[in-house]
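Worksheet for the structure shown next.
Here is the structure:
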């Protein structure tokens, strides 16, 4: 913790590597509960105070922990970002479910609002995608999926989900 | 926020397989749920809650009809269309929210 920075300089004098690790000297550390009197902003991978001042915490101070869980930049210590994208959108005629994979592929399902079991259906579709689209040597990533086996298995999974899930009239 | 809600509303009206009556109601992420209610006059009531909260359309309707209409629209000193400055509206709204069954004192 007593090491502040590392710089690597080549023969010509150019900087080829830089590492700054300032240990936060915690000159003032305070715990607040909601509502906050401070305005926070994301800056340089850390959440800093942008406006407002209270009990010695001024502009430039960084958020260290939330509800007891340590904060690492803009993520909590267990790796989850502040909030995910929209996972479910509800209207009076349909419910839209969205599942985003770690690689950025989004699976979107529109269903009846009363239909249950969509979360497992989304994961099942992900499984079918990885089995019949990704493992297909003739399929290129990010391209439209034209794999027969993918269509067939997807329709089968939909039938299973419809039979098992819905609690509305007519199935 | 208005842009996001407008885009979501037009997206919902295009995607809907059946004819819609109320339109977009709510969306949720892994951390919060946003509830939406719009009146025919274009007033939009938005509430962000925890994930465990169910449909609260009637709550938002009550906020509009019993609080906004009564205390802001019918108030000759409140100019419509601008930020609501009324302290009475603020305090009544605050006590109404605190009285709701899903409002937890733990949140402060």
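Protein chains in written order, with this note's numbering: chain A, 1 to 171; chain B, 1001 to 1108. Note that CB positions come from ideal geometry on N, CA and C, so glycine has one too. Treat the numbers as computed from the prediction; the structure is a model and nothing was measured.
Helix, strand or coil: which one does DSSP assign to residue i?
i, result
"residue 1096 of chain B", "helix"
"residue 79 of chain A", "Residue confidence for residue 79 of chain A is low, a pLDDT of 48 falling below 50, so the modelled location carries little weight and cannot support an answer."
"residue 1080 of chain B", "coil"
"residue 1032 of chain B", "coil"
"residue 142 of chain A", "coil"
"residue 159 of chain A", "helix"
"residue 1021 of chain B", "coil"
"residue 1059 of chain B", "helix"
"residue 111 of chain A", "strand"
"residue 1103 of chain B", "coil"
"residue 1090 of chain B", "helix"
"residue 38 of chain A", "coil"
"residue 132 of chain A", "helix"
"residue 29 of chain A", "coil"
"residue 150 of chain A", "helix"
"residue 170 of chain A", "Annotation note: pLDDT 41 at residue 170 of chain A (below 50); position unreliable, no value reported."
"residue 1108 of chain B", "With a pLDDT of 35 at residue 1108 of chain B, under the threshold of 50, the modelled position of this residue cannot be trusted; read the value that follows with caution. Looking at residue 1108 of chain B - three-state DSSP - the assignment turns out to be coil, as it is neither helix nor strand."
At which residues does the beta strand (DSSP E) containing residue i begin and terminate?
i, result
"residue 1009 of chain B", "From DSSP, residue 1009 of chain B is part of no beta strand (DSSP E) but of the alpha helix (DSSP H) over 1002-1015."
"residue 1049 of chain B", "1044-1049"
"residue 4 of chain A", "Looking at the DSSP string, residue 4 of chain A is not in any beta strand (DSSP E), and its letter there is neither H nor E."
"residue 49 of chain A", "46-51"
Name the DSSP bridge partner or partners of residue i?
i, result
"residue 9 of chain A", "A:15"
"residue 100 of chain A", "A:106"
"residue 91 of chain A", "B:1024"
"residue 1038 of chain B", "B:1044"
"residue 63 of chain A", "Answer is none; residue 63 of chain A lacks a bridge partner."
"residue 54 of chain A", "A:57"
Going by Cα to Cα distance, which pick from the options is closest to residue i?
i, options, result
"residue 1089 of chain B", "B:1068, B:1102, B:1104", "B:1068"
"residue 1103 of chain B", "B:1039, B:1092, B:1049, B:1079", "B:1049"
"residue 1072 of chain B", "B:1053, B:1056, B:1093", "B:1093"
"residue 1056 of chain B", "B:1081, B:1035, B:1039", "B:1035"
"residue 1012 of chain B", "A:15, A:83, A:88", "A:88"
"residue 136 of chain A", "A:147, A:164, A:119", "A:147"
"residue 1040 of chain B", "B:1059, B:1065, B:1098", "B:1065"
"residue 1141 of chain B", "B:1083, B:1044, B:1018", "In the structure displayed, chain B extends from 1001 to 1108; residue 1141 of chain B sits before or after that span and is not available."
"residue 158 of chain A", "A:115, A:18, A:62, A:52", "A:115"
"residue 106 of chain A", "A:112, A:117, A:123", "A:123"
"residue 102 of chain A", "A:121, A:111, A:130", "A:130"
"residue 112 of chain A", "A:142, A:161, A:83, A:139", "A:161"
"residue 54 of chain A", "A:29, A:108, A:47", "A:29"
Whole-angstrom Cβ separation of residue i and residue j, contact assumed at under 8 Å?
i, j, result
"residue 126 of chain A", "residue 150 of chain A", "Not confirmed; about 12 Å, so no contact."
"residue 1020 of chain B", "residue 91 of chain A", "7 Å"
"residue 1029 of chain B", "residue 104 of chain A", "Incorrect: roughly 16 Å between the Cβ atoms, too far for contact."
"residue 5 of chain A", "residue 15 of chain A", "So it is not a contact: roughly 11 Å between Cβ atoms."
"residue 42 of chain A", "residue 49 of chain A", "So it is not a contact: roughly 12 Å between Cβ atoms."
"residue 1091 of chain B", "residue 1075 of chain B", "The Cβ separation is near 14 Å, so there is no contact."
How far does the alpha helix (DSSP H) with residue i in it reach, from first residue to last?
i, result
"residue 1070 of chain B", "Unbroken run through residue 1070 of chain B: none, as it is neither H nor E."
"residue 122 of chain A", "118-129"
Cβ closer than 7 Å: which chain D residues qualify as neighbours of residue i?
i, result
"residue 1030 of chain B", "In summary, chain D is missing from the structure at hand, where the protein chains are A and B."
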